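Numbering (my numbering), first residue to last: 564 to 877.
C-beta: ideal position from N, C-alpha, C; glycine also.
Here the structure is a predicted model, which means the values were calculated and not measured.
Okay, structure first, notes after.
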């Protein structure tokens, strides 16, 4: 009887694996878009746009586009859920992006990249604390640590220079914490709402909560800049792919794979940024960077493989 049950579980695991692999692929493609978004943002900054403006343009464009196809339902089931979506807009939008971009003004980019890459580990810790039945297994922990070390090598690709700055580093940590909170909130909201509705609400509150920041912005770039092909082309990429499609696919990946396993794909962001920067900006990749890329790939793959092996033994 027990043997038949184990066989049935294995057969079920095999039949569900292709659909699960589809969402693994979706999470990976999302990381490619998000990793490339750092290069697009750098191009826009070089063209004279400010961090808050870039963020508002991309989220506003994403909101308008998703509203065009998802507009039948406007309000949530309750005021409490509406507040949760407002928190999503803060954590995955205004706080995350503005804190991250502002941190770059006070500390090294390597510090920001490394500290914000803590969000998968923070997500696993928070999930384990809130839901004791879902504490991460040993395989997930080993894979996460290996991937995080790989992130460190990718971040310090050109040099091992690090400079501790309390304000900049704390803002970077705030970004990592805010994204971990967003991933956990997605876990709850996915049970009640569609991913299109979740993404639309996140974009709406993301823009709404960022507008006050423009009041303290010392200078607003001229709208004429939007006519430049390099500007509107990168804004289209950030709004359509990195924001609208990225957030929809990410919400679905969280729903199917779980917050902890899906968050491990965030380790790919610095890897993609490294490759795209080398391709488009001509930045050199050292042997340290290549080693980091390999460790990220092995770490994310091994965490999933070890977890599946542990589940088969249970």
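Residue from the options with nearest C-alpha to residue i
| i | options | result |
| --- | --- | --- |
| residue 854 | 843, 837, 866 and 845 | 837 |
| residue 807 | 694, 629 and 826 | 629 |
| residue 798 | 583, 589 and 606 | 606 |
| residue 771 | 594, 831 and 620 | 620 |
| residue 693 | 815, 751, 616 and 709 | 751 |
| residue 664 | 763, 612 and 803 | 612 |
| residue 764 | 681, 829 and 644 | 644 |
| residue 805 | 819, 832, 822 and 791 | 832 |
| residue 784 | 811, 593, 596 and 617 | 617 |
| residue 955 | 811, 615 and 687 | The chain is shown only over 564 to 877; residue 955 falls outside these bounds and no answer can be derived. |
| residue 823 | 803, 701 and 634 | 701 |
| residue 593 | 660, 776, 741 and 809 | 809 |
| residue 716 | 868, 872 and 848 | 848 |
| residue 636 | 825, 778 and 756 | 756 |
| residue 608 | 668, 826 and 769 | 668 |
Contacting residues, own chain, Cβ-Cβ under 8 Å from residue i (five flanking each side not counted)
| i | result |
| --- | --- |
| residue 748 | 647, 650, 651 and 654 |
| residue 843 | 602 |
| residue 689 | 743, 744 and 747 |
| residue 591 | 828 and 831 |
| residue 681 | 711, 736 and 739 |
| residue 795 | 789 |
| residue 661 | 614, 615, 618, 773 and 776 |
| residue 782 | 613 |
| residue 656 | 618, 622, 765, 766, 768, 769, 770, 772 and 773 |
| residue 687 | 699, 703, 704, 707, 823 and 826 |
With 16 other Cβ atoms within 10 Å as the buried cut-off, status of residue i
| i | result |
| --- | --- |
| residue 642 | exposed |
| residue 754 | exposed |
| residue 565 | Bear in mind that a pLDDT of 44 at residue 565, under 50, signals an unreliable position, so the number given afterwards is only what the model happens to contain. Residue 565 should be labelled exposed. |
| residue 862 | buried |
| residue 858 | buried |
| residue 787 | exposed |
| residue 817 | buried |
| residue 850 | exposed |
| residue 658 | buried |
| residue 714 | buried |
| residue 640 | exposed |
| residue 631 | exposed |
| residue 774 | exposed |
| residue 638 | exposed |
| residue 778 | exposed |
Coil, strand or helix - residue i by DSSP
| i | result |
| --- | --- |
| residue 783 | coil |
| residue 635 | coil |
| residue 612 | coil |
| residue 694 | coil |
| residue 624 | helix |
| residue 680 | coil |
| residue 872 | helix |
| residue 583 | helix |
Contacts around residue i, its chain only, beta-carbon distance under 6 Å, and the 5 residues preceding and following it disregarded
| i | result |
| --- | --- |
| residue 766 | 622, 625 and 626 |
| residue 666 | 675, 731, 734 and 735 |
| residue 583 | none |
| residue 856 | 834 |
| residue 884 | One cannot answer for residue 884 here, as it falls past the ends of the chain, which runs 564 to 877. |
| residue 706 | 862, 865 and 866 |
| residue 589 | 812 and 816 |
Residue i at chain D interface by Cβ criterion, 8 Å
| i | result |
| --- | --- |
| residue 650 | Reference to chain D is not applicable here, since this structure consists of a single protein chain. |
Spatial neighbours of residue i in its chain, beta-carbon cut-off 7 Å, leaving aside the 5 residues before and after
| i | result |
| --- | --- |
| residue 793 | 606 and 610 |
| residue 814 | 749, 753, 758, 761 and 762 |
| residue 586 | 815, 816, 819 and 820 |
| residue 684 | 707 and 711 |
| residue 791 | 610 |
Legend entry - Sequence ranges, alpha helix (DSSP H) only - wholly within the stretch 639–671, length at least 4: 642–652 and 658–666
Inset, instruction - Let me know the alpha helix (DSSP H) ranges lying completely inside the stretch 740–797, each 4 residues or longer, listed in chain order. - result: 758–779, all fully within the stretch 740–797.
Inset, instruction - Write down every uninterrupted run of the alpha helix (DSSP H) in the stretch 804–868 whose length is 4 residues or greater and which is fully enclosed by it, in chain order. - result: 809–820, 822–826 and 831–843
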